[in-house]
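Take 8 as the starting number for the sequence shown in our numbering and just add one per residue.
In this text, a Cβ means the ideal position worked out from N, Cα and C, and glycines have one as well.
Source: prediction; values computed, not measured.
A short write-up of the structure that comes next.
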Amino acid sequence: MKLPEKFLQSLEGLAGFDMEAFINVHEQSAAPVSIRINPAKGSVVSSEWSMVNTQPIIGETEVKDTDSPLTIHHSPIPWCSTGFYLSQRPSFTFDPLFHAGLYYVQEASSMFLEQPFKQLLDLQQPLKVLDLCAAPGGKSTHIQSLLSKESLLVSNEVIKQRSYVLSDNIIKWGCQNVIVTNNDPKAFQKLPGYFDVMVVDAPCSGSGLFRKDKEAIEEWSPNNVQLCSQRQQRILADALPALKQDGLLIYSTCSYSAEEDEQIIDWLVGEMDMENVALQTENWPDIVQTASPLTHSIGYRFYPDKIKGEGFFLACFRKKEKEQASKIRPSKPEAVSAKEKSLIEEWTTTKDLSFIYYRDEIIALSPHLLQEFSVLQPVLNIQYAGVRIGSVLKDKVVPQHAFSQSTILSSAIPATKLIYEDAIKYLQRQDLVIETATTGWQVVRYKNHSLGWINALKNRVNNYYPKEIRILKAQNNIAFKK
Ligand code: SAM
Numbered sequence: 008m009k010l011p012e013k014f015l016q017s018l019e020g021l022a023g024f025d026m027e028a029f030i031n032v033h034e035q036s037a038a039p040v041s042i043r044i045n046p047a048k049g050s051v052v053s054s055e056w057s058m059v060n061t062q063p064i065i066g067e068t069e070v071k072d073t074d075s076p077l078t079i080h081h082s083p084i085p086w087c088s089t090g091f092y093l094s095q096r097p098s099f100t101f102d103p104l105f106h107a108g109l110y111y112v113q114e115a116s117s118m119f120l121e122q123p124f125k126q127l128l129d130l131q132q133p134l135k136v137l138d139l140c141a142a143p144g145g146k147s148t149h150i151q152s153l154l155s156k157e158s159l160l161v162s163n164e165v166i167k168q169r170s171y172v173l174s175d176n177i178i179k180w181g182c183q184n185v186i187v188t189n190n191d192p193k194a195f196q197k198l199p200g201y202f203d204v205m206v207v208d209a210p211c212s213g214s215g216l217f218r219k220d221k222e223a224i225e226e227w228s229p230n231n232v233q234l235c236s237q238r239q240q241r242i243l244a245d246a247l248p249a250l251k252q253d254g255l256l257i258y259s260t261c262s263y264s265a266e267e268d269e270q271i272i273d274w275l276v277g278e279m280d281m282e283n284v285a286l287q288t289e290n291w292p293d294i295v296q297t298a299s300p301l302t303h304s305i306g307y308r309f310y311p312d313k314i315k316g317e318g319f320f321l322a323c324f325r326k327k328e329k330e331q332a333s334k335i336r337p338s339k340p341e342a343v344s345a346k347e348k349s350l351i352e353e354w355t356t357t358k359d360l361s362f363i364y365y366r367d368e369i370i371a372l373s374p375h376l377l378q379e380f381s382v383l384q385p386v387l388n389i390q391y392a393g394v395r396i397g398s399v400l401k402d403k404v405v406p407q408h409a410f411s412q413s414t415i416l417s418s419a420i421p422a423t424k425l426i427y428e429d430a431i432k433y434l435q436r437q438d439l440v441i442e443t444a445t446t447g448w449q450v451v452r453y454k455n456h457s458l459g460w461i462n463a464l465k466n467r468v469n470n471y472y473p474k475e476i477r478i479l480k481a482q483n484n485i486a487f488k489k
């Protein structure tokens, strides 16, 4: 791996930058593999991960010479309570529990986001959080796991195609308190002072991911760093009015360039009236604390030659300014009929839910989230909210995939257990030849975790796994050998 000369020169003199160690780690070691567990899906790490560790996720290349399962060890990521390094990269695609949303594959340094949430916020309180640049959803799924049930997470992505991927990952995570939006940051100006917390994981020149993404090396140029820096300022300036006074801004990038890191801090403190906030990092002495050149404000740098993870930068701020509230006339969502409500409630764990029509489908929201939904709907392009339930046709619930992934689905719903081979067939949307105890709509489970819906007829089973997210790859047959 040849790192651009101009790039290396531009990092000289930056806090914690050690040219030789930095070049070595890029040339000699691969990025570690790491995952973050989904606490809402009931995973006790040791047991769940040892399940994941058994036969199903056999690596495609590693299996060639062996009949025995790949043993994958895990060790904790120090700054994230649900994060784990894996000793090898399994084939996540062929692990049904990955598709069931039991964990998210995420780079370890970026899981440091947990620290500002834990250190600077009262997470028992209901908080309104905006994740402004959210696709594909690594930080959003992490934030969701940290927040109380009464909190709201608005997870936004400006690029439409990427916002669909974001919704898919939010659905897989199984949560109810997230609203996914597809808006330009400017749109949030219509919500002055609305959010308690704003996370801006900004689009950047990507040098922090050079070990994982060789294309990023080709695309790197000083000019692109300048463009990214200007875009980062624009994004922040556009969205900051939506943060309330004393609200917390968490800014992060996966770039090492000062133009995108310390210089943005200086601009936020010097020109945007933000107050820099420090974190306790004594427990992790290899995370480099950096001070910005003009205002001496603090940020945190992650170098792969110092910590086990990729390049990352994070800094925190409180907003000093108070915004003038603006009046928004909330929308009046169309509620389902009493009959429809009682039919759906037979399928849910709780009766404390509101059901409304959104884009011709029924969605479930907790009552407090319904209020926020009504405020947000007139100003934002809402892609997904709460839990997509489906529809009621001829007094029967016709469920949507998202419902099967959610934690509000009643455990009394009929279910059929699948063995590993059938689970993979199901996820590939192939025909299943299986016995079911009953006919009609039911979930299929793998190791007790729902993968999605089937409709069992008398002589066949219809597979309702969504085709947009089905596994497209064929699996190496050797992987089935025991
Ligand atoms: N936070 C995400 C995660 O943890 O999975 C990664 C976000 S990525 C670093 C930055 C995101 O910003 C991308 O999804 C990109 O599409 C989006 N983006 C690009 N240009 C943008 C703009 N002008 N305003 C807001 N977001 C933008």
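(1) Determine which residues share a DSSP beta bridge with leucine 256 and list them.
(2) State the start and end residues of the unbroken beta strand (DSSP E) segment that holds leucine 458.
(3) Can you give me the Cβ contacts of proline 406 inside the same chain, cut-off strictly under 8 Å, excluding the 5 residues immediately before and after it?
(4) Can you find at least 3 beta carbon pairs, one from the region 251-259 and one from the region 201-216, that sit closer than 8 Å?
(5) To the nearest angstrom, report how far apart leucine 21 and glutamine 296 are at their CA atoms.
(6) Kindly identify the DSSP beta-bridge partner or partners of tryptophan 448.
(7) Please classify glutamate 328 as buried or exposed, where buried requires at least 16 neighbouring CB atoms within 10 angstroms.
(8) Just to confirm my understanding: we take lysine 313, look at its own chain, exclude 5 residues before and 5 after, and list those with CB closer than 6 Å. What are they?
(9) In terms of residues, what are the limits of the beta strand (DSSP E) holding lysine 329?
(10) Using 8 Å as the cut-off, can you tell me whether the region 131-139 makes contact with the region 111-119, which would need three or more C-beta pairs spanning the two stretches below that distance?
(11) Can you check which of these residues, Ile420, Ile42 and Phe101, is closest to threonine 89 by C-alpha distance?
(12) Measure the alpha-carbon distance for glutamate 269 versus proline 300 and round it to whole angstroms.
(13) Per DSSP, what kind of secondary structure is phenylalanine 217 in: helix, strand or coil?
(14) Can you pull the DSSP bridge partners for serine 509?
(15) Can you give the Cα-Cα distance for lysine 424 and proline 473, rounded to whole angstroms?
(16) Looking at the ligand SAM, does it come within less than 7 Å of serine 117, judged from the CB to the closest heavy atom?
(17) Counting pairs of Cβ atoms below 8 Å between the region 336-350 and the region 272-284, do you hit three or more?
(18) Tell me the rounded alpha-carbon separation between leucine 10 and glutamate 19.
(19) In three-state DSSP terms, what is glutamine 237?
(20) Using three-state DSSP, classify glycine 108 as helix, strand or coil.
(21) Tell me the start and end of each unbroken beta strand (DSSP E) in the region 158-182 that is at least 3 residues and wholly inside, in chain order.
(22) Could you tell me how far apart the beta carbons of phenylalanine 362 and lysine 348 are, in whole angstroms, since I believe they sit closer than 8 Å?
(23) Suppose the cutoff is 6 Å on Cβ atoms and the five residues either side in sequence are ignored; what does the same chain contact list for alanine 322 look like?
(24) With a threshold of 8 Å on Cβ separation, who are the neighbours of alanine 332 within its own chain once the five nearest residues in sequence on each side are excluded?
(25) Roughly how many whole angstroms lie between the Cα atoms of lysine 480 and arginine 452?
(26) Return the CA-CA distance between glutamate 267 and threonine 260, expressed in angstroms with no decimal places.
(27) Using three-state DSSP, classify isoleucine 44 as helix, strand or coil.
(28) In angstroms, rounded to a whole number, what distance separates the CA positions of isoleucine 415 and arginine 477?
(29) Please classify lysine 348: does DSSP put it in a helix, a strand, or coil?
(30) Between which two residues does the alpha helix (DSSP H) harbouring threonine 148 extend?
(31) Straight-line CA distance for tyrosine 391 to isoleucine 186?
(32) Using a Cβ-Cβ cutoff of less than 7 Å, which residues in the same chain neighbour serine 264 once the five nearest sequence positions on both sides are dropped?
(33) In terms of residues, what are the limits of the alpha helix (DSSP H) holding isoleucine 271?
(34) Can you name, in chain order, every residue of its own chain whose Cβ lies under 6 Å from the Cβ of valine 40, other than the five neighbours on each side?
(35) Since tyrosine 453 sits in a beta bridge, which residues does DSSP pair it with?
(36) Going by the beta-carbon positions, is the gap between lysine 326 and leucine 250 smaller than 8 Å?
This is what the structure holds:
(1) Met205 and Phe324
(2) 456-463
(3) Trp354, Ile396, Gly397, Trp448 and Trp460
(4) yes
(5) 11 Å
(6) Asn462
(7) exposed
(8) Asp293
(9) Segment: none, lysine 329 is in no beta strand (DSSP E) and carries neither H nor E.
(10) no
(11) Ile42
(12) 7 Å
(13) coil
(14) Outside the shown range of the chain, which is 8 to 489, sits residue 509, and nothing can be said about it.
(15) 19 Å
(16) yes
(17) no
(18) 14 Å
(19) helix
(20) coil
(21) 159-163
(22) 6 Å
(23) Tyr258, Ile272 and Gly306
(24) Pro199 and Gly200
(25) 21 Å
(26) 7 Å
(27) strand
(28) 23 Å
(29) helix
(30) 145-153
(31) 6 Å
(32) Ser17, Ser212, Ser214 and Val232
(33) 269-278
(34) Leu93 and Arg96
(35) His456
(36) yes
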